[in-house]
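What follows is a set of notes on a single structure, which appears directly below.
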Amino acid sequence: MSKLLIVESPSKAKTLKKYLGKDFEVLASYGHVRDLVPKTGAVNPEQNFAMQYEVIDRNARHVDAIAKAVKVADAIYLATDPDREGEAISWHIAEILNQKKLVKNKLIKRVVFHEITKSAVEHAIENPRDISMPLVNAQQARRALDYLVGFNLSPLLWKKIRRGLSAGRVQSPALRLIVERELEIEAFVSREYWTIHLDSRKHQHHFDARLIQLEGEKVEQFTVTTREQQETIVGRLLLASAGKATVSRVEKKQRNRSPAAPFTTSTLQQEAVRKLGFTTSRAMRVAQQLYEGIDIGGGAVGLITYMRTDSFSIAAEAVMQIRDYIKKNFAGDYLPRSPIMYKTKAKNAQEAHEAIRPTDISRTPASMRAFLSDEQFKLYEMIWKRALACQMAPAKFDAVSVDLAVGSEANLFRASGQTMIFPGFIAVYMEGVDDEEEESEAKLPHLETGEVLDVEKIFGEQHFTEPPPRYSEASLVKVLEEYGIGRPSTYASIISTLQDREYVLLDKKRFTPTDVGRVVNKFLTEHFTRYVDYDFTANLENELDNIAEGERDWVPVLEDFWAGFHQQVKDKANIDRADMTHELTGEDCPKCSKPLSKRLGKYGMFVGCTGYPECDYIRNENTGNPAGEPTVIGSDAETGKDILLLNGPYGPYLQLGLPEADAKKKPKRVSIPKEIALADVNLAVAQKLIALPRDLGQHPETGKKIVANLGRFGPYVNHDGKFKSIPKSDSVFEIDLNRAVELLAQANSGPAPLRELGKHPSDEAPVAIYAGRYGPYVQHGKVRATLPKSQEPESLSFEDALALLAAKVEKDGGAKKPASKTASKAKVSKTTTKKTVAAKKAPAEKATPAKKPVAKKATTSKPRATKTVAKPEP
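All letters in the sequence shown, in the order written, are residues 390 to 1263 by my numbering.
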């Protein structure tokens, strides 16, 4: 019996051919085989939305090859992707074969598998089904909706704005999100506020606390809003403290952090953007390769399950395999007592596919490295780790919160911190976060209630509220999913379409709308408000889901949409083009005094006179701030002068006020660092930059000034002609005196110890405790021993430290002895009649306790040079 299996991609076809053997012929459709005729009338609302399809030209030859193979096959299995789109492709193939009358009296069935492994494919072949018409109709309805919107809205955009523009049912709400965020940023008014801090220390351990209560009243964000206010408050607190603060409350509790759920399409795209620097489309392309099959030596095999899914569920067999791997490779407390189950929170969760996971957890990233490209390896490693971590125990932290009373209990400062006591799933994988979501807590010293500490400093810190960040690819995908706009498989194409149409730009990994994008969005939101409404778009997705589940017929859904939409298109046919492309600026024309308006031209936005053509005044809207045309950012809070943005020969810079005619001193200027986008330079950012360099105070030892500033190679601190780069974990705008002194000390003599315990009895060298990247450690000479997690640095005794160091030396195999030097040296022979032969360097031999090393004799060879060369023996 001859059998034919039809899949979408040729790479998948090769993999399946190896699994199914000679009984099967496997061919690829190369994606979609039919699409709507690209002209008006392809979807006919007057005839129950009848749809006119035609074979896609580029795939015609592949359709012919399938038809030829069907003629000689007894059974046809349609194995396109396991989603609505794949179901529709199978239906289109079956329709073409029916029209050609090639499948009469032949078995034609649909088979579905979510991973390309031998067992999964064989199981699917053994359990075929008929094509699911509800899934097909849901896809047809989606395609019809997209067609009706595109073919009716786009001509309207051509007439009212510019030829070549287009609008999409799902892309338009996504564009609205980006434009509205930009408008929110532009309308944002920065507010000044101050936080009051107290610096203290215990045993060389510095920590910072923040004022939360002043004279019995809770301190809010805008309690202190001026420099004068903070100076008054700091003065009162310094006076009340008399240099001391009392620990009034210590709260310790254990916090657990659970692992993230396994990947869905949305979360995979977000994490690939954040952690790997991929685009969403690149992430999906590489995931497709991993799903379709990689040759790992014994033939191609699918390494991950299907990558278009919004389900968090994992097959029971896969969960047990993951748990077994954890049991064999980790300590017992890393494995939870029972499997962890996850439920999706996304709107419109589609068919109950599995989450994205490795097809076999025993195929570790390390074992697959040789078979994968760099980008395949990175994505596979991330998927593998996330799947493993999702079934591991939570991470555990000791969280500490401390209140310090200054003067009385009416004035409270609070410090908080946490220490990881058990890594759990973090030992394998830590979920990435956006920059604006990132948070961290410092580690606090051991403190007891009633303990009195020295106050090193009480000071105010200036802040300015900042606008919401522009969308990144990751955050845009996240909000699209939250609103229920589109499907997981469409997010990458939504983003690509917006960029291809030049409605948005991706700059420094953030989206900004173009002038054209703004005008298109303005047109749609003002005249087709309902159809770019987030809830309306999400509800339409719900309708499509209901069709897929067989709960609704697709034609009535289209009728409900078309009735209102078609009427709206007719109503808006006569709107004035100027209403769409012109926006009054509030200025008068300098030539004729008529109002000026901002409008969209061939090369972007410009300002022109509404009296055109009688008045021809125009002014380009150049956001690049050309030299000689300063832009006022705002007024400097300290001097009252305008902060100006200009472009110079070495790039953009800020200037404090215009130069005065009789002044010899030039106005203050600060270059804008490359890492700060011009679009992000608002008043808050400008105030911070123009305030540089910052005077941090005097060095406690030398009495000389320390300043923080931006230089050619980034932020730095400067003291007495010595410079030290400020690490990325600190900010040049927020670093304080204590931190600067610490950095300068590191530059001179390495990190300062937390505690000095004494001198080692063997050589009188110091034994001290230091803060390390992975926790505190005790050091003597070059020997370092990490403190146990249960051991507080403050309570470690000298004897315990010596015991830890001794254990470390023993674990490392004892103290290393210096290698003995060979006393003899090669002698230089002198001769005037013969060429000197250079002795070759003899290889070093390992010394043994029983025998002394024996130096080998130098071997001679015919010399090539006339110079005498001598080398010492090893």
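Where a beta carbon is used, it is the ideal one built from N, C-alpha and C, also for glycine.
Measuring only the C-alpha atoms, how far is Lys507 from Glu515?
Counting from 1 along the sequence shown, the entry for residue 507 is found at position 118. Counting from 1 along the sequence shown, the entry for residue 515 is found at position 126. Those two C-alpha atoms are separated by around 12 Å.
May I ask which residues mark the beginning and end of the beta strand (DSSP E) holding Phe786?
Reading the sequence shown from its first residue, position 397 is the one you call residue 786. Note, Phe786: beta strand (DSSP E), 784-795.
Determine the extent of the beta strand (DSSP E) in which Val708 is found, giving its start and end residues.
On the sequence shown, position 319 is the one that residue 708 refers to. First-last for Val708: 705-718, but that is the alpha helix (DSSP H), not the beta strand (DSSP E).
From what residue to what residue does the alpha helix (DSSP H) around Asp519 run?
What you label residue 519 is simply residue 130 of the sequence shown in a count that begins at 1. For Asp519, there is no enclosing alpha helix (DSSP H), as DSSP gives it neither H nor E.
Do Ala477 and Val525 come within 9 Å of each other at the CB atom, strictly closer than that value?
Translated into positions along the sequence shown, residue 525 becomes position 136. Translated into positions along the sequence shown, residue 477 becomes position 88. Here Val525 is near Ala477, since their CB atoms are less than 9 Å apart.
Three-state secondary structure (DSSP) at Val690?
The residue you call residue 690 lines up with position 301 of the sequence shown. In this structure, Val690 counts as strand in the three-state DSSP scheme.
Report back the beta-carbon spacing between Leu947 and Phe438 to the nearest angstrom; my notes put them in contact at under 8 Å.
Here the question's residue 947 lines up with position 558 in the sequence shown. Here the question's residue 438 lines up with position 49 in the sequence shown. Right, their Cβ atoms sit about 5 Å apart.
Output needed for Pro1232: all residues of its chain with C-beta closer than 6 Å, excluding positions within five of it in sequence on either side, in chain order.
Counting from 1 along the sequence shown, the entry for residue 1232 is found at position 843. Bear in mind that a pLDDT of 40 at Pro1232, under 50, signals an unreliable position, so the number given afterwards is only what the model happens to contain. Contacts found: none.
Is there contact between the segment 782-796 and the segment 765-774, where contact requires at least three CB pairs shorter than 8 Å?
Using a Cβ-Cβ distance cut-off of 8 Å, the segment 782-796 and the segment 765-774 are not in contact, since fewer than three pairs of beta carbons, one from each stretch, lie closer than that value.
How long is the line joining the alpha carbons of Gly939 and Ser521, rounded to whole angstroms?
On the sequence shown, residue 939 is found 550 positions in, with the first residue counted as 1. On the sequence shown, residue 521 is found 132 positions in, with the first residue counted as 1. Distance between the alpha carbons of Gly939 and Ser521: 10 Å.
Report back the beta-carbon spacing between Asp924 and Lys633 to the nearest angstrom; my notes put them in contact at under 8 Å.
Counting from one through the sequence shown, the residue named residue 924 turns up at place 535. Counting from one through the sequence shown, the residue named residue 633 turns up at place 244. About 58 Å separates the two Cβ atoms, so there is no contact after all.
Using three-state DSSP, classify Lys980 as helix, strand or coil.
Here residue 980 refers to the residue found at position 591 when the sequence shown is read from its first residue. In the three-state DSSP reduction, Lys980 falls in the coil class, being neither helix nor strand.
Taking Ile1061 and Leu1047 to be in contact with their CB atoms under 8 Å, please state how far apart those CB atoms are, rounded to whole angstroms.
Sequence index remark: in the sequence shown, residue 1061 carries index 672 (1-based). Sequence index remark: in the sequence shown, residue 1047 carries index 658 (1-based). The C-beta distance from Ile1061 to Leu1047 rounds to 19 Å, too long to fall under 8 Å, and the pair is not in contact.
Are at least three pairs of beta-carbons, each pair with one atom in the segment 674-689 and one in the segment 712-720, less than 8 Å apart?
Verdict: no, contact absent.
Determine the DSSP secondary structure at Val422, reduced to helix, strand or coil.
As a first step, residue 422 is located in the sequence shown; it is residue number 33 there, counting from the start. Correct three-state label for Val422: coil.
Identity of the residue in Ala1190, Arg590, Arg625 nearest Val1156 by Cα
For the purposes of this step, residue 1156 is taken as the residue at position 767 of the sequence shown. That would be Ala1190, whose Cα lies nearest to the Cα of Val1156.
Measuring CB atoms only, is the segment 597-613 touching the segment 577-586, in the sense that at least three cross pairs come out at less than 8 Å?
The answer is yes - the segment 577-586 touches the segment 597-613, with three or more Cβ pairs under 8 Å.
Please check the pair Val921 and Leu913, which I expect to be a contact at CB under 8 Å, by giving their CB distance rounded to whole angstroms.
The residue labelled residue 921 in the question sits at position 532 within the sequence shown. The residue labelled residue 913 in the question sits at position 524 within the sequence shown. Leu913 and Val921 do touch by the CB rule: their CB atoms are close to 5 Å apart, below 8 Å.
Taking the Cβ atom as the reference point for each residue, do Thr669 and Glu862 lie within a distance shorter than 9 Å?
Your numbering for residue 669 matches position 280 in the sequence shown. Your numbering for residue 862 matches position 473 in the sequence shown. In contact: Thr669 and Glu862 (Cβ atoms closer than 9 Å).
Confirm, please, whether the CB-CB distance from Pro783 to Pro648 is below 9 Å.
Numbered from 1 along the sequence shown, position 259 holds the residue referred to as residue 648. Numbered from 1 along the sequence shown, position 394 holds the residue referred to as residue 783. Going by C-beta atoms, Pro648 is nearer than 9 Å to Pro783.
Nonlocal neighbours in the same chain, by C-beta distance under 6 Å from Lys406, ignoring five residues either side
Position 17 of the sequence shown holds residue 406. Counting only Cβ-Cβ distances below 6 Å, and skipping sequence neighbours, we find Val415.
Go ahead and pull the three-state DSSP assignment for Gln1180.
Here residue 1180 is taken as the residue at index 791 of the sequence shown, counted from 1. Secondary structure of Gln1180 (DSSP, three-state): coil.
Hey, Val636 and Leu865 are a contact pair by Cβ (cut 8 Å); roughly how many whole angstroms apart?
Along the sequence shown, read from residue 1 onward, the residue named residue 636 stands at position 247. Along the sequence shown, read from residue 1 onward, the residue named residue 865 stands at position 476. The pair is not a contact, with the Cβ atoms about 46 Å apart (cut-off 8 Å).
Taking Glu948 as part of the alpha helix (DSSP H), name the residues at either end of that continuous run.
Locating residue 948 in the sequence shown gives position 559, where the first residue counts as 1. Per DSSP, Glu948 belongs to the alpha helix (DSSP H) from 943-960.
Within the same chain, show all residues whose beta-carbon is closer than 7 Å to that of Ala1129, passing over the 5 residues directly before and after it, in chain order.
If you number the sequence shown from 1, residue 1129 lands on position 740. So the qualifying residues of the chain are Leu1085, Ile1095, Ala1097, Val1106.
Going by other Cβ atoms of all chains shown within 10 Å of its Cβ, with 16 needed for buried, is Ser418 buried or exposed?
Taking the first residue of the sequence shown as position 1, residue 418 is located at position 29. Its Cβ being crowded by 16 or more others within 10 Å, Ser418 is buried.
Between the alpha carbons of Glu825 and Arg859, how many angstroms are there, rounded?
Looking up residue 825 in the sequence shown gives position 436. Looking up residue 859 in the sequence shown gives position 470. With a pLDDT of 39 at Glu825, under the threshold of 50, the modelled position of that residue is not reliable, and the figure given next carries that caveat. Rounded to the nearest angstrom, the two C-alpha atoms are 11 Å apart.
Could you check if Ser630 is buried or exposed, using at least 16 other CB atoms within 10 Å of its CB as the buried criterion?
By one-based count along the sequence shown, residue 630 stands at place 241. Here Ser630 is buried, its C-beta having at least 16 other C-beta atoms within 10 Å.
Closer than 6 Å by C-beta to Pro1082: which residues in its own chain qualify, once you throw out the five before and the five after it? Chain order, please.
Taking the first residue of the sequence shown as 1, we reach residue 1082 at position 693. Excluding its 5 nearest sequence neighbours in each direction, Pro1082 has C-beta neighbours in its own chain below 6 Å: Val1096, Asn1098, listed in chain order.
Reducing DSSP to helix, strand and coil, say where His1088 ends up.
Here the question's residue 1088 lines up with position 699 in the sequence shown. Judged by DSSP in its simplified three-state form, His1088 adopts coil rather than helix or strand.
Under the three-state reduction of DSSP, which class applies to Ser1024: helix, strand or coil?
As a working mapping, residue 1024 is identified with position 635 in the sequence shown. If DSSP states are grouped into helix, strand and coil, Ser1024 belongs with the strands.
Name the DSSP bridge partner or partners of Lys898?
Counting from one through the sequence shown, the residue named residue 898 turns up at place 509. Residue pairing by DSSP places Lys898 in no beta bridge whatsoever.
Option in Met696, Arg518, Glu604, Thr1175 with minimal Cα separation from Lys1200
Walking along the sequence shown from the start, residue 1200 turns up at place 811. Measuring from the Cα of Lys1200, the nearest candidate turns out to be Thr1175.
Rounded to the nearest angstrom, what separates Arg590 and Pro1116 at their Cα positions?
Locating residue 590 in the sequence shown gives position 201, counting from the first residue. Locating residue 1116 in the sequence shown gives position 727, counting from the first residue. So the alpha carbons of these two residues sit roughly 22 Å apart.
Going by CA-CA distance only, name the one from Glu743, Phe917, Phe667, Cys998 that's closest to Ala704.
Within the sequence shown, numbered from 1, the residue matching residue 704 stands at position 315. The shortest Cα separation from Ala704 among Glu743, Phe917, Phe667, Cys998 belongs to Glu743.
For Pro1019, which residues from the same chain have a beta carbon less than 6 Å from its beta carbon, with the 5 sequence-adjacent residues on both sides left out?
Along the sequence shown, one-based indexing puts residue 1019 at 630. Around Pro1019, the same chain offers Leu1033, Leu1035 as residues with beta carbons nearer than 6 Å, after the five sequence neighbours per side are excluded.
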